[in-house]
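Worksheet: the structure to be examined is printed underneath.
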Amino acid sequence: MKLSQEDLAGLIDSDDLRARLTALTQGHDGDGADPKIRTAVLNELKSVVKSTRATIEEKLNADGGGLLCAGRLSYVQDELIRVIYDFALVHVYRIKNPSAAERMAIAAVGGYGRGTLAPGSDIDLLFLLPYKQTPWGEQVVEYILYMLWDLGFKVGHATRNINECIRLAKADMTIRTAVLEARFLWGDEPLFEELQQRFDAEVVSGTSSEFIAAKLQERDERHRRQGTSRYLVEPNIKEGKGGLRDLNTLFWIAKYHYRVARQSELIKLGVLTRSEYARFKKSEDFLWAVRCHLHFLTGRPEERLSFDVQRDIAIRLGYTQHPGQRDVERFMKHYFLVAKDVGDLTRIICAALEEEHVKEPLGKGISGMMRRLRAGRVSTAAVPVKGAPGFVVENNRLNAASDTVFEGDPTNLIRVFQIADKNGYNMHPQLTRLIRHSLKLVDGNLRKDPEANRLFLSILTSRQEPEKTLRKMNEAGVLGRFVPEFGKIVAMMQFNMYHHYTVDEHLIRSIGVLAEIEHGNSGDDHPLATDLIMTLQNRRVLYVAMFLHDIAKGRPEDHSIAGAKVARKLCPRFGLSEAETETVAWLIEHHLDMSTIAQSRDLSDRKTITDFADTVQSLERLKLLLILTVADIRAVGPGVFNGWKGQLLRTLYYASEPYLSGGHTKQPRDLTIEQVKEGLAAKLGHWPQKDRASYLERHYAAYWLRTEPDRLVSHAELLHGADKAGNQLAFQVIPRAFEGVTELNIMAPDHPRLLSTIAGACYSTGANIVDAQIDTTTDGFAIDTIFIGRELPDDEDERRRGERITRHIRTTLRGEAQLPEPVSKKSAMKGRMKAFKVVAEVLVNNSLSDDYTVLEISGLDRPGLLFDLTRCIATLNLNIGSAHISTFGEKVVDVFYVTDLTGQKIANIGRQDIIRERLVNAVEGQVDLDAAAPVARKIHRQTG
Numbered sequence: 001m002k003l004s005q006e007d008l009a010g011l012i013d014s015d016d017l018r019a020r021l022t023a024l025t026q027g028h029d030g031d032g033a034d035p036k037i038r039t040a041v042l043n044e045l046k047s048v049v050k051s052t053r054a055t056i057e058e059k060l061n062a063d064g065g066g067l068l069c070a071g072r073l074s075y076v077q078d079e080l081i082r083v084i085y086d087f088a089l090v091h092v093y094r095i096k097n098p099s100a101a102e103r104m105a106i107a108a109v110g111g112y113g114r115g116t117l118a119p120g121s122d123i124d125l126l127f128l129l130p131y132k133q134t135p136w137g138e139q140v141v142e143y144i145l146y147m148l149w150d151l152g153f154k155v156g157h158a159t160r161n162i163n164e165c166i167r168l169a170k171a172d173m174t175i176r177t178a179v180l181e182a183r184f185l186w187g188d189e190p191l192f193e194e195l196q197q198r199f200d201a202e203v204v205s206g207t208s209s210e211f212i213a214a215k216l217q218e219r220d221e222r223h224r225r226q227g228t229s230r231y232l233v234e235p236n237i238k239e240g241k242g243g244l245r246d247l248n249t250l251f252w253i254a255k256y257h258y259r260v261a262r263q264s265e266l267i268k269l270g271v272l273t274r275s276e277y278a279r280f281k282k283s284e285d286f287l288w289a290v291r292c293h294l295h296f297l298t299g300r301p302e303e304r305l306s307f308d309v310q311r312d313i314a315i316r317l318g319y320t321q322h323p324g325q326r327d328v329e330r331f332m333k334h335y336f337l338v339a340k341d342v343g344d345l346t347r348i349i350c351a352a353l354e355e356e357h358v359k360e361p362l363g364k365g366i367s368g369m370m371r372r373l374r375a376g377r378v379s380t381a382a383v384p385v386k387g388a389p390g391f392v393v394e395n396n397r398l399n400a401a402s403d404t405v406f407e408g409d410p411t412n413l414i415r416v417f418q419i420a421d422k423n424g425y426n427m428h429p430q431l432t433r434l435i436r437h438s439l440k441l442v443d444g445n446l447r448k449d450p451e452a453n454r455l456f457l458s459i460l461t462s463r464q465e466p467e468k469t470l471r472k473m474n475e476a477g478v479l480g481r482f483v484p485e486f487g488k489i490v491a492m493m494q495f496n497m498y499h500h501y502t503v504d505e506h507l508i509r510s511i512g513v514l515a516e517i518e519h520g521n522s523g524d525d526h527p528l529a530t531d532l533i534m535t536l537q538n539r540r541v542l543y544v545a546m547f548l549h550d551i552a553k554g555r556p557e558d559h560s561i562a563g564a565k566v567a568r569k570l571c572p573r574f575g576l577s578e579a580e581t582e583t584v585a586w587l588i589e590h591h592l593d594m595s596t597i598a599q600s601r602d603l604s605d606r607k608t609i610t611d612f613a614d615t616v617q618s619l620e621r622l623k624l625l626l627i628l629t630v631a632d633i634r635a636v637g638p639g640v641f642n643g644w645k646g647q648l649l650r651t652l653y654y655a656s657e658p659y660l661s662g663g664h665t666k667q668p669r670d671l672t673i674e675q676v677k678e679g680l681a682a683k684l685g686h687w688p689q690k691d692r693a694s695y696l697e698r699h700y701a702a703y704w705l706r707t708e709p710d711r712l713v714s715h716a717e718l719l720h721g722a723d724k725a726g727n728q729l730a731f732q733v734i735p736r737a738f739e740g741v742t743e744l745n746i747m748a749p750d751h752p753r754l755l756s757t758i759a760g761a762c763y764s765t766g767a768n769i770v771d772a773q774i775d776t777t778t779d780g781f782a783i784d785t786i787f788i789g790r791e792l793p794d795d796e797d798e799r800r801r802g803e804r805i806t807r808h809i810r811t812t813l814r815g816e817a818q819l820p821e822p823v824s825k826k827s828a829m830k831g832r833m834k835a836f837k838v839v840a841e842v843l844v845n846n847s848l849s850d851d852y853t854v855l856e857i858s859g860l861d862r863p864g865l866l867f868d869l870t871r872c873i874a875t876l877n878l879n880i881g882s883a884h885i886s887t888f889g890e891k892v893v894d895v896f897y898v899t900d901l902t903g904q905k906i907a908n909i910g911r912q913d914i915i916r917e918r919l920v921n922a923v924e925g926q927v928d929l930d931a932a933a934p935v936a937r938k939i940h941r942q943t944g
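With UniProt numbering applied, the sequence shown has no gaps in its numbers, which climb one by one up to 944 at the end.
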């Protein structure tokens, strides 16, 4: 890019630099080949590089110009290479009468060829020779390269003659692109001009379709590697979708096809309007500013906007905090809006190419141009869309019959998407462009129009592909204007590691997940949701609630409560009845309840279930909430939903269903326990009668009421086997592939610090505990059921892993292995986690359970946190009944059901305060072990 003298002022005086370098050769008759002189030259150049880099960074901080910064860095690099080349020719490899072969041209290629560089960019050079390499040429090239390398630059280079350049450019698209962008730097300019003329005539001419197809295929493959969405919350600003490489690809295509030297020439050719060109330059400038700041900040060629740098970049760019949105979130919203603009420009330029050359689409999307560009066939005539005047179809692509189709009837701005969804049409790029230019017609009148709202509701609740259609509406800008509340969360990111996408992308994806479940295409992740969705009385309340459930993100108040208010305003507009509106509002207000309770409450505790059922109040709401919860979690990002979460949700559903269907009988507790015992006794028919009778008296009442039938059998066999062998420690490993966990059943002498010791042993083996249930027998033993995250796909391999972990637990309990040291928060924080601050909070609640005090502990996740918490709880002389671990990105919520050592709740306010203080310290990595007795030694004494 061309910069003015004012833009370049104060950077580098190349004439003065040449004079200073020449002065270093005085006393050597101008000969600079001496190694000492080379060292002096290198030091002089290093000083220039350091000072100019500092000046350019200061200018970037002052004026914020991304393209200015990239241009300044390129200009300084140009001057350095010219000075080094001149010094080599004049002072190192001097030739008085050079032959025709002893000349060369130096050209910048790649991004450097465009006259833009980031602080950490590679320097790509082409050393162009007339015929073949000569000893003189080899020496000069080697001198320049070694000087640049010693200056700390990463240099990519090629040394070729013109014939080699032409031959290789014909065979290799990467080389062809490099030559396309080649820019003369220094040396023999006629030689470079000859290359350009021959390249244009022998390579470019007549090969436009081939080049465009190759570049678009290359782009699609790059997007697949980086992630197909441009709304990933840690985007790659260079290679990701909507990043700088996409803009580069557009210009390569335009330059190759239209033979333009500058982007502005596309306006004269009618490819871009002035406003579209302005968006191109604005997007490019913003992305370059981000990239340059990122390189300066990290001191390396970092291209990914990871969480640990996003806030620093936001501050550098001058973003400030607003109510409900942090500075980093405002910056990232701007980033995603720019990425969206890049996507729009891609469609516009490709539409112009297609209009000129391609008349028949042979595949979906822009990537289909690879086949269309080679076809060149004339399209069939446009066919009017039946029942939709003003629209036509060309080869399954919907287009407008005239440019006034939206002015005549603004409702068509919604209808066009309903037509595309209903018939499975792709949108013609010309139509998308016309829609964007007609957005001003989406006003208050259209939002109030009953027909427009009816059409929108049919799109949202479509049985076809609602996700695809909603995404088209969003990318065209219609969705955010028709539903202004949605427009507020377009491109909004949440600065956390839990959500993988922007809020608008999450909502659209959640609709897609819902449609998958309804179509029966959701796999085996959650069969219950697939079954229930077919029994709903009203499916459209589910789709509307799904679309609106995070609509109030970014506001100061709780987004669930604010979202319910938004729903009460929007639903009547969409045409929902009063009863439907209230159902939607209730679902939004409570859309996190089922997930929270399933993952962080004791589902065997009767009060947990009755409280939840009291909130839900009807079986239909329970079905809706279950399906919405599954779709919400699955749309957060890949791998967030797993079998264990699915199992917890199913358990909560099945436990609550009887209360809401009227099937729950209030039979006496003793009768329930007797029935459970009888069921177990029937399954233990191979035991001696005496052993059966003895075992049925071995547990307290709570155990029989809360333990699943299959686990009752497993525990019975475990304890019976230990009794027969005379063991006081016994272990059982049960892989559970569907739930994605492995169950460890551990029998040991009861001790307040037993779970802490098990947690420490698991931590030291790298096992991740996701849930724990603790039961005590009447004869002084504990049965701890520990669920750890599954790591291996094969059940037998996972069983062997579980057995290795239980062996380590055994040696730790016997005192033969030491527990790990407490984990300091500072040493545990690594990588991206350092970017987050989560205030540690401890809630002590006596109302959530009839029998236990519930401790809910939240804070920044880190290795060893569960171990530190259980150790702290043990020092507080508390018994743990169950533990439930939930992780949401960087935040962890650990819930413990506890009693004091006499089995009572913690009622004393003073003691509750001590518990809060000690546990907050534990979350912060400040575990006080002075009060902790050596647990392993005591258990070792008990186990012999």
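From the three backbone atoms N, C-alpha and C, an ideal C-beta is built for every residue, glycine too.
Practice item. Return the first residue and the last residue of the beta strand (DSSP E) that D771 is part of. Key: I769 to T776
Point to revise | First and last residue of the uninterrupted alpha helix (DSSP H) at A529 | key: P527 to I533
Check your understanding: Going by DSSP, which residues form a beta bridge with D670?
Key -> Answer by DSSP bridge pairing: none, since D670 is not bridged.
**Study point:** G740 versus I783: straight-line alpha-carbon distance, rounded
**Key:** 22 Å
Check your understanding: Thinking C-alpha only, which one of V490, E57, P450 and A515 is nearest E467?
Key -> A515
Check your understanding: Hey, would you say L398 sits closer than 7 Å to M427, going by beta carbons?
Key -> yes
Practice item. If I'm right that V923 touches L865 with Cβ under 8 Å, what's the distance once you round it to whole angstroms? Key: 7 Å
Check your understanding: In whole angstroms, what separates the C-alpha of E856 from that of K905?
Key -> 15 Å
Practice item. Measure the Cβ-Cβ separation of L11 and V83 and say whether it is below 7 Å. Key: no
Practice item. Spatial neighbours of S74 within its chain, please: CB distance less than 6 Å, with the 5 preceding and 5 following residues excluded, ordered by chain position. Key: G115, T116 and L117
Point to revise | Which of helix, strand or coil DSSP assigns to G859 | key: strand
Check your understanding: Between L60 and H293, which are expected to be in contact by the criterion C-beta below 8 Å, what is the C-beta distance as a whole number of angstroms?
Key -> 7 Å
Point to revise | Cβ-based burial, E451 [other Cβ within 10 Å; buried from 16] | key: exposed
Point to revise | the segment 692-700 contacting the segment 771-779, beta-carbon criterion three pairs below 8 Å | key: yes
Point to revise | Reduced DSSP secondary structure (H/G/I, E/B, other) of K241 | key: coil
Practice item. Tell me whether G789 sits in a helix, a strand or coil according to DSSP, three-state version. Key: strand
**Study point:** Host alpha helix (DSSP H) of Y700 (start-end)
**Key:** Taken as a continuous stretch (DSSP letters only), Y700 belongs to no alpha helix (DSSP H), as it is neither H nor E.
Practice item. Would you check if the segment 310-325 and the segment 546-556 touch, i.e. whether three or more CB-CB distances between them fall below 8 Å? Key: yes
Exercise for review: Can you tell me which of the three DSSP states G881 falls into?
Suggested key: strand
Review point. Quick one: Cα of V405 to Cα of F280, how far?
Key: 27 Å
Check your understanding: Does the Cβ-Cβ distance between G721 and H526 come in under 7 Å?
Key -> no
Exercise for review: Return the chain-ordered list of same chain residues with a C-beta closer than 8 Å to the C-beta of G766, the five sequence neighbours on each side being excluded.
Suggested key: none
Practice item. Check the DSSP bridge columns for D894 and list the partner residues they point to. Key: I857 and I885
Check your understanding: Can you give the Cα-Cα distance for V895 and T707, rounded to whole angstroms?
Key -> 19 Å
Practice item. Please go through the same chain and pick out, in chain order, the residues whose beta-carbon is closer than 6 Å to the beta-carbon of R634, but skip the five residues on each side of it. Key: V513 and F641
Check your understanding: Does the segment 207-225 come close enough to the segment 171-180 to have 3 or more Cβ pairs within less than 8 Å?
Key -> yes
Review point. How big is the Cα-Cα spacing for G444 and Q912?
Key: 55 Å
Point to revise | Among M473, E798 and L446, the one whose alpha carbon lies nearest that of R436 | key: M473
Check your understanding: At what residues does the alpha helix (DSSP H) containing P749 begin and finish?
Key -> Counting along the chain, P749 falls outside any alpha helix (DSSP H), though it belongs to the beta strand (DSSP E) covering V741 to P749.
Point to revise | Under the three-state DSSP convention, the category W687 falls into | key: coil
Practice item. Have a look at Y146, A108 and V141 and flag the residue whose alpha-carbon is nearest the alpha-carbon of L45. Key: Y146
Review point. Does the segment 880-898 touch the segment 797-809, meaning 3 or more C-beta pairs lie closer than 8 Å?
Key: no
Point to revise | Under the three-state DSSP convention, the category V233 falls into | key: coil
Check your understanding: In this structure, does DSSP put L266 in helix, strand or coil?
Key -> helix
Check your understanding: If you run the structure through DSSP and keep just helix, strand and coil, what is D611?
Key -> helix
Exercise for review: Please check the pair T596 and V541, which I expect to be a contact at CB under 8 Å, by giving their CB distance rounded to whole angstroms.
Suggested key: Incorrect: roughly 22 Å between the Cβ atoms, too far for contact.
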